[in-house]
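Student:
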Amino acid sequence: MATFRPPKSVQEAAKRSLEMRKSLPKSRKGGTAVGVARANQLAAGRAVSLETIARMVSFFARHEVDKKAEGFRRGEKGYPSKGKVAWELWGGEAGKRWANSIWKRNRGKKA
464 MATFRPPKSV
474 QEAAKRSLEM
484 RKSLPKSRKG
494 GTAVGVARAN
504 QLAAGRAVSL
514 ETIARMVSFF
524 ARHEVDKKAE
534 GFRRGEKGYP
544 SKGKVAWELW
554 GGEAGKRWAN
564 SIWKRNRGKK
574 A
């Protein structure tokens, strides 16, 4: 089974998101238990399966709309929004680029 190690940029985004999440009150924490688990995996640089890459691609596609909400970008009211925290848990923009590039090269192969 093929596995892929997250690059430093993805690891760093996941680490930042975990720290960001810790600093927020419970009412403002974004992400799910799955997102937190993914961030821990990515932050530690642990290998990711092709099945997980597919989940990441799906997550980013579904949550692209979160980037339009207020609080997604620094300086906006409500920063960081729950959507921003969740996005970063999955590796942020670096995670999206990394997962999409792996998926394009490997889709159709067994996970």
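Numbered per my numbering, the sequence shown spans residues 464 to 574.
Even for Gly, the Cβ is constructed at its ideal location relative to N, Cα and C.
Only a predicted model underlies this, so the values are computations on that prediction, with no experimental measurement involved.
Determine the extent of the alpha helix (DSSP H) in which A502 is found, giving its start and end residues.
Tutor: Looking at the DSSP string, the run of the alpha helix (DSSP H) that includes A502 is A496 to A506.
Student: Report the partner residues of V511 according to the DSSP bridge assignment.
Tutor: Answer is F467, bridged to V511.
Student: Determine whether the beta carbon atoms of V511 and W566 lie at a separation below 9 Å.
Tutor: Result no, Cβ atoms of V511 and W566 do not sit closer than 9 Å.
Student: At the level of alpha carbons, what is the spacing between F535 and R479?
Tutor: Taking the straight line joining both Cα atoms gives about 15 Å.
Student: How far does the alpha helix (DSSP H) with L577 in it reach, from first residue to last?
Tutor: What the structure shows of the chain is the stretch from 464 to 574, and residue 577 is not part of that stretch, so it cannot be assessed.
Student: For F467, collect the residues of the same chain with a Cβ closer than 7 Å to its Cβ; drop the 5 residues on either side in sequence, then sort them by chain order.
Tutor: The residues are A510, V511, I516 and I565.
Student: Skipping 5 residues on each side, what residues in its chain have a beta carbon closer than 7 Å to that of G508?
Tutor: Same-chain partners within the cutoff: R468, P469 and Q474.
Student: Here's the rule I'm using: 16 or more other beta-carbon atoms within 10 Å means buried, otherwise exposed. How should R524 be labelled?
Tutor: Checking the sequence, you will find Ala at residue 524 rather than Arg. Label assigned to A524: exposed.
Student: Which residue's Cα is closest to the Cα of K545: A476, G558 and K489?
Tutor: For K545, the nearest C-alpha among the options comes from K489.
Student: Whose CA, out of A477, A506, E514 and R484, lies closest to the CA of M464?
Tutor: Checking every option, the nearest Cα to that of M464 belongs to E514.
Student: Which residue marks the beginning of the alpha helix (DSSP H) containing E556, and which one marks its end?
Tutor: First-last of the alpha helix (DSSP H) with E556: G555 to N569.
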